[in-house]
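> Input: one structure, supplied below.
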Amino acid sequence: MRCLIVPQAFKGTASAMQVAAAIQDGLLRAFPTIESHLFPIADGGDGTLDALLFALGGSERTSVVTGTFGAQQEVVWGIAEEGRVAIIEMAKVCGLANLPFEQRNPMNATTFGVGELILEALDRGIRKFIVGIGGSATQDCGMGALQALGVLFKDQKGQSLPFGGGALTSLADLDLSHLDSRLKKASFILLCDVSTPFSKSANMYAAQKGATSWQIEELNRGFLHFANIVEKKFDRSVLELPCGGAGGGIGMALHTFLNGKMILGTDYILDLSAFDEALYKSDCVIIGEGKFDEQTLENKGPWRVLQRAKAKGIPVFAIVGQIQQGFNPPYAEGLTAILPLHSQEIINTDRLSDTWSHIAFAAEQLMRIYLPKNFRGGH
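Numbering (this note's numbering), first residue to last: 13 to 391.
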């Protein structure tokens, strides 16, 4: 029997590769002769750097850039294809997963560090970029990243806007004359974790990033105001741009200002990994995610894998940290069964050994309960 193990990271607890290895461990306990293949994936958010380096090869670099709320911090990024490609994971610069809820504030959070990493790569002579734009704590529409790259965001008095999405309602003018000229020869692939249009970003994601209902209204006003100014500047419609709402709106910004090509992150990584070829030869697929909820259906990683497996009639099982209360798993879309770990103690633990044992146990039970006896070798 052949099984593909295709999990995402359990945010803040285990990487996609660690989850995949734990699932494999559990499968082998129940069925020692199973042939399993690991396909750790990401959708543009957490784990994207690891998944791309796994698929492309390459190496990590460490740089000091501006963090979510302006403090300097060390972040990891990657270089691949013999130094020709920079891989940037936005979640490592201004990510949400490891930020306590009481510290979240999208009104002040900035993407400035993303722009700084782009500048460092440009200084190294790199002109091709792959940027994962999911998993952020920001809702600044990419303003910070563009500021780092030279775009001036001015208010009515001609002063530069401060960091954060809360400042966008004060935007009066965009000055692109100082945008780094090297960007004209650069290309950007933007790996989006969701297909949410720009107009719906704040309503969909600002609350989980710490925004109050009043702040969500203010962010919506800022998004609309920014879109109107951008549309006049570039003579193109951006408000309903698919995937434009990814990363708190940075999708729209990097697409419009830098001519970035927006792609669903999971599809890009699966194609790099020759996933469809492996899928064709497989008997089942196991996906994994920290939380299975409505956002999963916004073209996140597990959903894209599920769609590809369904098209080939291959059963899909899910091992997840938890399921959103009231959420109906998409059985009609090809999901065969789902095994949640449930416990908040498990989900929030920073002890990888604990998480590993629970994931492996769930995988073992899946093998013993759901798979036909002739595949279990008598176990």
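Using N, Cα and C, we set each Cβ at its ideal position, and we do this for glycine too.
Source: prediction; values computed, not measured.
Restricting to Cα atoms, I'd like to know which of G59, M13 and I99 is closest to A30.
Going by the sequence as given, residue 30 is Gln instead of Ala. Measuring from the Cα of Q30, the nearest candidate turns out to be G59.
> Would you decide whether W226 is buried or exposed? Buried here means 16 or more other CB atoms lie within 10 Å of its CB.
Looking at its Cβ environment, which holds fewer than 16 other Cβ atoms inside 10 Å, W226 is exposed.
> In terms of residue numbering, what span does the beta strand (DSSP E) encompassing D185 cover?
Per DSSP, D185 belongs to the beta strand (DSSP E) from D185 to D187.
> Look at G107 and I99 and say whether their C-beta atoms are less than 8 Å apart.
No; because the gap between Cβ atoms is not below 8 Å, this pair is not in contact.
> Which stretch, first to last residue, makes up the beta strand (DSSP E) that contains P352?
Element bounds for P352: L347 to P352.
> For the region 44 to 70, which segments carrying the alpha helix (DSSP H) assignment without a break, of at least 4 residues, lie completely within its bounds, in sequence order?
60 to 68, all fully within the region 44 to 70.
> I'd like the ranges of any alpha helix (DSSP H) spanning at least 4 consecutive residues and lying wholly in the region 78 to 154.
Qualifying alpha helix (DSSP H) stretches, in chain order: 102 to 106 and 124 to 135.
> Rounding to the nearest angstrom, what Cα-Cα distance links K322 and D283 in this structure?
If you take the alpha carbons of K322 and D283, they lie about 17 Å apart.
> Could you say which of Y280, T74, P352 and G70 lies nearest to L202 if we only look at CA atoms?
When only C-alpha atoms are compared, the closest one is Y280.
> In the DSSP assignment, what residue or residues form a beta bridge with F200?
F141.
> What residue range is occupied by the uninterrupted beta strand (DSSP E) comprising G300?
First-last of the beta strand (DSSP E) with G300: C296 to F304.
> How would you write the range of the alpha helix (DSSP H) that M274 sits in, first residue to last?
Not the alpha helix (DSSP H): M274 falls in the beta strand (DSSP E), residues K273 to L276.
> From which residue to which residue does the alpha helix (DSSP H) around K322 run?
K322 -> alpha helix (DSSP H) spans G313 to A323.
> Rounded to whole angstroms, what's the CA-CA distance from G259 to M119? Just pull it up for me.
For G259 and M119, the distance between alpha carbons rounds to 14 Å.
> Which residues in the same chain as K273 place their Cβ atom closer than 6 Å to its Cβ, once the five residues preceding and following it in sequence are excluded?
Cβ neighbours of K273 beyond the five flanking positions: I201.
> In chain order, what residues of the same chain lie with their CB nearer than 6 Å to the CB of C255, ignoring the 5 residues before and after it?
So the qualifying residues of the chain are C204, S207, G263 and M274.
> For F339, which residues of its own chain have a beta-carbon under 6 Å away from its beta-carbon, when the five flanking residues on both sides are left out?
The answer, listed in chain order, is D305.
> Please classify I381 as buried or exposed, where buried requires at least 16 neighbouring CB atoms within 10 angstroms.
Exposed, because fewer than 16 other Cβ atoms sit within 10 Å of the Cβ of I381.
> Beta-carbon separation of D54 and G313 under 8 Å?
In the sequence as presented, Asp is not what sits at residue 54; that position holds Ala. In contact: A54 and G313 (Cβ atoms closer than 8 Å).
> What are the boundary residues of the beta strand (DSSP E) that includes Q334?
Looking at the DSSP string, the run of the beta strand (DSSP E) that includes Q334 is V328 to I335.
> Just how far apart, CA to CA, sit E357 and A26?
With a pLDDT of 43 at E357, under the threshold of 50, the modelled position of that residue is not reliable, and the figure given next carries that caveat. Straight-line Cα distance between these residues: approximately 14 Å.
> How close, in whole Å, do the beta carbons of G162 and T122 come, if the pair is a contact with beta carbons under 8 Å?
Rounded, the Cβ-Cβ distance is 16 Å, inconsistent with contact.
> Please determine, among P327, L164 and D152, the residue with the shortest C-alpha to C-alpha distance to G178.
Measuring from the Cα of G178, the nearest candidate turns out to be D152.
> How far does the alpha helix (DSSP H) with V31 in it extend, from its first residue to its last?
That run of the alpha helix (DSSP H) goes A28 to A42.
> Please determine, among V18, P44, A33 and A63, the residue with the shortest C-alpha to C-alpha distance to M379.
When each option's Cα is compared against that of M379, the closest is P44.
> Does T74 come out as helix, strand or coil in the three-state DSSP assignment?
Note: T74 maps to strand in three-state DSSP.
> Report yes if the CB atom of A133 is closer than 8 Å to the CB atom of F141, and no otherwise.
Cβ atoms of A133 and F141: closer than 8 Å.
> Which residues does DSSP pair with P19 in a beta bridge?
Its beta-bridge partners are G300.
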